[in-house]
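Enquirer: Dropping the structure in here first, questions after.
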Ligand code: CA
């Protein structure tokens with residue numbers, strides 16, 4: 005599960021920009037005993053196969069005995085061989101080697117500690133697994149590569165503000181019969197071209213190309229716990245925030261979860277198809293907690309080490325899901341870093357979205373970004389800069405939104421713009437700037453300048469944040485909705501109960517216009533471009549497909565909405581003024597018009613001047629009217645060409661010329677240029 009709770013207070017604010025150079029240390033008295041464990045960072049952890057045989061290595065410094073079980077099958081049956089492993093005190097690992105290349109076989113480890121044998125585990129580094137992830141699988145990875153894989157590459161990214169993120173779930177995207185996709189709910193769904201809705205509108209990967217997003221962010225695709233992979237006909241749905249094996253793909257998204265190579269190959273085929281379409285692939289990673297506590301692979305290999313605890317030894321629970329992991333301990337820190345490196349190298353992943361990132365420490369996140377940059381400078385790393393509960397990790401070490409300036413090449417979600425534009429995330433009826441609630445103007449402006457210091461933004465009036473926490477727009481991801489909480493459509497239905505859907509669609513256009521023209525990186529939730537809803541369910545993490553699947557017939561029905569989103573994306577791509585790369589640039593080129601929000605609420609107007617960021621347009625005037633009344637605005641002297649007006653958009657500014665006093669229609673944006 006995923007939480008959106010924002011834990012913040014002024015006390016968390018730490019001045020100074022330098023990286024913290026603390027050494028990893030445990031924080032509770034209980035956890036201090038783990039700090040001096042010997043660590044091991046070799047790339048042969050778990051399993052390696054070479055000409056001399058098949059080699060196993062498990063890190064478990066305090067184990068009294070460890071055995072390796074070898075199996076013919078991924079589930080059921082007894083081991084055909086059980087081998088005692090040998091301890092290496094200097095690095096805390098246990099090893100065993102077997103003659104021959106055991107491709108096709110499966111394995112588990114069993115650890116004895118405190119005089120007790122723990123349950124079998126595939127270890128923490130299983131890169132291929134049998135059904136339901138209970139046993140590691142020995143496969144030849146060179147045989148899992150699709151044709152042309154060695155030349156496969158994601159899109160090159162010069163600045164992270166050029167990225168346009170589309171957040172999706174495999175089942176949401178393809179399960180509906182209206183998708184016209186054959187491999188419903190599978191990795192392979194994204195490899196199918198030429199699919200259409202019953203009305204003949206493009207679906208699947210062709211829809212993504214039509215829309216123009218640069219990256220898809222796919223909800224957890226590593227092996228998670230909640231879906232029974234041996235019983236797929238039940239069509240169990242889950243978001244996947246319940247990690248089981250961090251380094252193997254989820255089986256239920258493959259066409260055959262019992263064949264370990266299939267899930268690997270099909271995930272790669274998905275990545276390749278998206279890359280061939282010019283689209284990057286971002287993985288949602290959830291290293292912050294495990295699905296199970298004592299039953300997790302972490303606990304079954306090195307009891308106590310990988311999770312944090314309070315002084316009395318209880319699991320601490322900053323995830324709100326029963327436990328939290330300990331990135332500030334060296335072996336766990338290395339684990340996270342090596343795991344993302346593995347996905348980047350083996351699967352060509354283009355970005356990572358860290359769930360509840362503030363459970364991790366800033367030093368770990370800095371190392372994550374630095375290591376990924378060495379592999380591919382285009383890799384985009386961002387996360388939720390909050391936790392869902394208190395943690396023993398001191399606040400100044402947490403990778404919080406408020407600490408983002410202490411991190412390099414890491415971005416955080418802006419809950420400022422999210423809640424200010426559409427209303428509070430957890431109060432369904434609450435309205436925001438785009439739906440006529442006054443008092444959110446300054447917080448929307450914080451979003452527009454990507455939470456950087458700006459001479460005209462008064463952070464003391466911010467609803468959530470009280471200081472410019474971002475040192476650069478590349479540290480901010482702007483959004484109004486995601487998989488969490490109500491979809492934008494449902495939010496608008498609940499907060500505008502007396503309005504028509506037409507009026508709500510106008511509000512949705514305005515909300516997304518604010519996001520897509522703001523500095524920082526825009527992020528949207530799949531299906532909002534066709535006014536997709538989830539029948540009012542706000543936490544649909546295990547709701548059936550009938551709630552979660554996108555109905556692609558909405559595309560023809562709401563074609564105007566789709567065209568508007570497409571236009572917004574094209575406008576952003578063509579105009580670097582909306583994608584400035586430094587705080588100084590924004591402070592210099594983005595000028596707000598003085599509007600008395602007490603007298604004229606829900607109106608924001610600003611200019612992007614002097615060919616901002618090398619834009620071909622000399623001056624761009626952006627006006628947002630979130631009220632249900634038309635507003636008169638006086639344009640500066642001269643003739644202006646309209647790019648956005650009355651719910652229509654033309655990235656080439658062909659919507660007519662304007663000058664002098666103009667009327668901005670209710671709940672709409674007016675964007676003009678000269
Ligand atoms: Ca699974």
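Numbering (this note's numbering), first residue to last: 5 to 678. In this text, a Cβ means the ideal position worked out from N, Cα and C, and glycines have one as well.
1. Decide yes or no for the touch test of the stretch 350–368 against the stretch 386–397: beta carbon pairs closer than 8 Å, at least 3 of them.
2. Per the DSSP calculation, residue 64 is bridged to which residue(s)?
3. Which residue wins for smallest C-alpha separation from residue 71, given the options 518, 65 and 85?
4. Within this structure, are the beta carbons of residue 517 and residue 596 separated by less than 9 Å?
5. Does the beta-carbon of residue 260, which I'm using as the reference point, lie nearer than 8 Å to any heavy atom of ligand 1?
6. Beta carbon of residue 228: closer than 8 Å to some heavy atom of ligand 1?
7. Cβ of residue 255 versus every heavy atom of ligand 1: is any distance shorter than 8 Å?
8. Tell me the rounded alpha-carbon separation between residue 347 and residue 191.
9. Using a Cβ-Cβ cut-off of 6 Å (strictly less than) and excluding sequence neighbours within five positions of residue 495, which residues of its own chain qualify?
10. Would you report the Cα separation of residue 12 and residue 528, rounded to the nearest angstrom?
11. Could you check whether the Cβ of residue 137 sits closer than 8 Å to any heavy atom belonging to ligand 1?
12. So for residue 517, helix, strand or coil by DSSP?
13. Using DSSP with H/G/I as helix, E/B as strand and the rest coil, what is residue 436?
14. How is residue 500 classed by DSSP in three states: helix, strand or coil?
15. Closest to residue 177 by CA distance: which of 169, 168, 167 and 188 is it?
16. Would you list the residues sitting across from residue 629 in a DSSP beta bridge?
17. Which of the three DSSP states is assigned to residue 528 in this structure?
18. Based on DSSP bridge pairs, tell me the residues matched to residue 141.
19. For residue 657, which residues in the same chain have their Cβ closer than 6 Å to its Cβ, ignoring the five residues on either side in sequence?
20. Would you report the Cα separation of residue 444 and residue 424, rounded to the nearest angstrom?
21. Quick one: residues in its chain with C-beta nearer than 6 Å to the C-beta of residue 50, no 5 flanking neighbours on either side, listed in chain order?
22. What do you reckon, is the C-beta of residue 231 under 8 Å from a heavy atom of ligand 1?
23. Taking just the CA atoms, how far does residue 605 sit from residue 667?
24. Got a sec, what are the start and stop residues for the beta strand (DSSP E) residue 172 sits in?
25. List the residues that DSSP assigns as beta-bridge partners of residue 653.
26. Go ahead and label residue 1 buried or exposed: buried means 16 or more other beta carbons lie within 10 angstroms of its beta carbon, across all protein chains shown.
27. Under three-state DSSP, which class holds residue 121?
28. Could you check if residue 123 is buried or exposed, using at least 16 other CB atoms within 10 Å of its CB as the buried criterion?
29. Does at least one heavy atom of ligand 1 sit under 8 Å from the Cβ of residue 248?
30. Excluding sequence positions up to five away, which residues of its chain have a Cβ less than 6 Å from the Cβ of residue 248?
31. By the 10 Å Cβ neighbour count, where 16 or more other Cβ atoms means buried, how is residue 197 classified, buried or exposed?
32. I'd like the list of long-range same chain contacts for residue 453, defined as Cβ closer than 7 Å, with 5 residues on each side in sequence excluded.
33. Under 7 Å Cβ to Cβ from residue 351, same chain only, skipping five residues before and after it: list those, please.
34. Which of the three DSSP states, helix, strand or coil, is assigned to residue 569?
35. Under the rule that 16 or more other beta-carbon atoms within 10 Å means buried, what is residue 181, buried or exposed?
36. Which of the three DSSP states, helix, strand or coil, is assigned to residue 226?
Expert: On the basis of the coordinates in this document:
1. Output reads yes: the stretch 386–397 touches the stretch 350–368.
2. By 1-based counting over the chain shown, the position of residue 64 is 60. Note: residue 64 sits in no beta bridge, so no partner.
3. By one-based count along the chain shown, residue 71 stands at place 67. Taking only the C-alpha atoms, the option nearest residue 71 is 85.
4. For the purposes of this step, residue 517 is taken as the residue at position 513 of the chain shown. For the purposes of this step, residue 596 is taken as the residue at position 592 of the chain shown. The Cβ atoms of residue 517 and residue 596 do not sit closer than 9 Å to each other.
5. Taking the first residue of the chain shown as 1, we reach residue 260 at position 256. Taken from the Cβ of residue 260, every heavy atom of ligand 1 lies 8 Å or farther away.
6. Within the chain shown, the letter at position 224 stands for residue 228. True, at least one ligand heavy atom lies under 8 Å from that Cβ.
7. Translated into the one-based positions of the chain shown, residue 255 becomes position 251. Checking every heavy atom of ligand 1 against the Cβ of residue 255, one is found closer than 8 Å.
8. Residue mapping note: residue 347 aligns to position 343 of the chain shown, counting from 1. Residue mapping note: residue 191 aligns to position 187 of the chain shown, counting from 1. Taking the straight line from one Cα to the other gives about 16 Å.
9. Here residue 495 is taken as the residue at index 491 of the chain shown, counted from 1. These residues qualify, in order along the chain: 426.
10. Taking the first residue of the chain shown as 1, we reach residue 12 at position 8. Taking the first residue of the chain shown as 1, we reach residue 528 at position 524. Interpretation of residue 12 is limited by its pLDDT of 33, a score under 50 that renders its predicted location unreliable; no figure is taken from the coordinates.
11. In the chain shown, residue 137 corresponds to position 133, counting from 1. In this structure, the C-beta of residue 137 approaches ligand 1 to less than 8 Å from one of its heavy atoms.
12. If you number the chain shown from 1, residue 517 lands on position 513. It is helical.
13. Position 432 of the chain shown, counting from 1, holds the residue named residue 436. Judged by DSSP in its simplified three-state form, residue 436 adopts coil rather than helix or strand.
14. Counting from one through the chain shown, the residue named residue 500 turns up at place 496. Annotated three-state conformation of residue 500 is coil, per DSSP.
15. Along the chain shown, read from residue 1 onward, the residue named residue 177 stands at position 173. Out of 169, 168, 167 and 188, 188 has the C-alpha closest to the C-alpha of residue 177.
16. The residue you call residue 629 lines up with position 625 of the chain shown. Per DSSP, 607 and 672.
17. On the chain shown, position 524 is the one that residue 528 refers to. The answer is strand: DSSP assigns residue 528 an E or B state.
18. As a working note, residue 141 is residue 137 in the chain shown. 110.
19. By one-based count along the chain shown, residue 657 stands at place 653. Cβ within range, chain order: 645, 647 and 677.
20. Along the chain shown, read from residue 1 onward, the residue named residue 444 stands at position 440. Along the chain shown, read from residue 1 onward, the residue named residue 424 stands at position 420. Approximately 5 Å, taken between the alpha carbons.
21. Within the chain shown, the letter at position 46 stands for residue 50. Counting only residues of its own chain and dropping the five nearest sequence neighbours on each side, residue 50 has a CB closer than 6 Å to the CB of 127 and 129.
22. Here the question's residue 231 lines up with position 227 in the chain shown. At least one heavy atom of ligand 1 is nearer than 8 Å to the Cβ of residue 231, so yes.
23. Residue numbering aside, residue 667 sits at position 663 when the chain shown is read from its first letter. Residue numbering aside, residue 605 sits at position 601 when the chain shown is read from its first letter. Going from the Cα of residue 667 to the Cα of residue 605 covers about 16 Å.
24. As a working note, residue 172 is residue 168 in the chain shown. 169–172 is the span of the beta strand (DSSP E), which, as asked, contains residue 172.
25. Locating residue 653 in the chain shown gives position 649, counting from the first residue. For residue 653, which the question treats as bridged, DSSP gives the partners 648.
26. Nothing about residue 1 can be reported from this structure: the residues present for the chain run from 5 to 678 only.
27. The sequence position of residue 121 within the chain shown is 117, counting from 1. Judged by DSSP in its simplified three-state form, residue 121 adopts strand.
28. Here residue 123 is taken as the residue at index 119 of the chain shown, counted from 1. Classification of residue 123: exposed, given that the 10 Å Cβ count is below 16.
29. As a first step, residue 248 is located in the chain shown; it is residue number 244 there, counting from the start. Distances taken from the Cβ of residue 248 to the heavy atoms of ligand 1 include one shorter than 8 Å.
30. For the purposes of this step, residue 248 is identified with residue 244 of the chain shown, where counting begins at 1. For residue 248, where only same-chain residues beyond five positions count, the Cβ hits under 6 Å are 137, 227, 228, 229 and 295.
31. As a position in the chain shown, residue 197 is number 193, starting the count at 1. By the neighbour-count rule (16 or more Cβ atoms within 10 Å), residue 197 is not buried but exposed.
32. For this step, residue 453 is matched to residue 449 along the chain shown. For residue 453, same chain residues with a beta-carbon under 7 Å away, outside a window of 5 residues either side, are 461, 523, 590 and 594 in chain order.
33. What you label residue 351 is simply residue 347 of the chain shown in a count that begins at 1. Cβ-Cβ distances below 7 Å link residue 351 to 271, 272 and 275 in the same chain, with the five nearest sequence neighbours on each side left out; the list follows chain order.
34. Sequence index remark: in the chain shown, residue 569 carries index 565 (1-based). Correct three-state label for residue 569: helix.
35. Stepping through the chain shown from its first residue, residue 181 is reached at position 177. Label assigned to residue 181: exposed.
36. Counted from its first residue, the chain shown places residue 226 at position 222. Here residue 226 sits in strand by DSSP.
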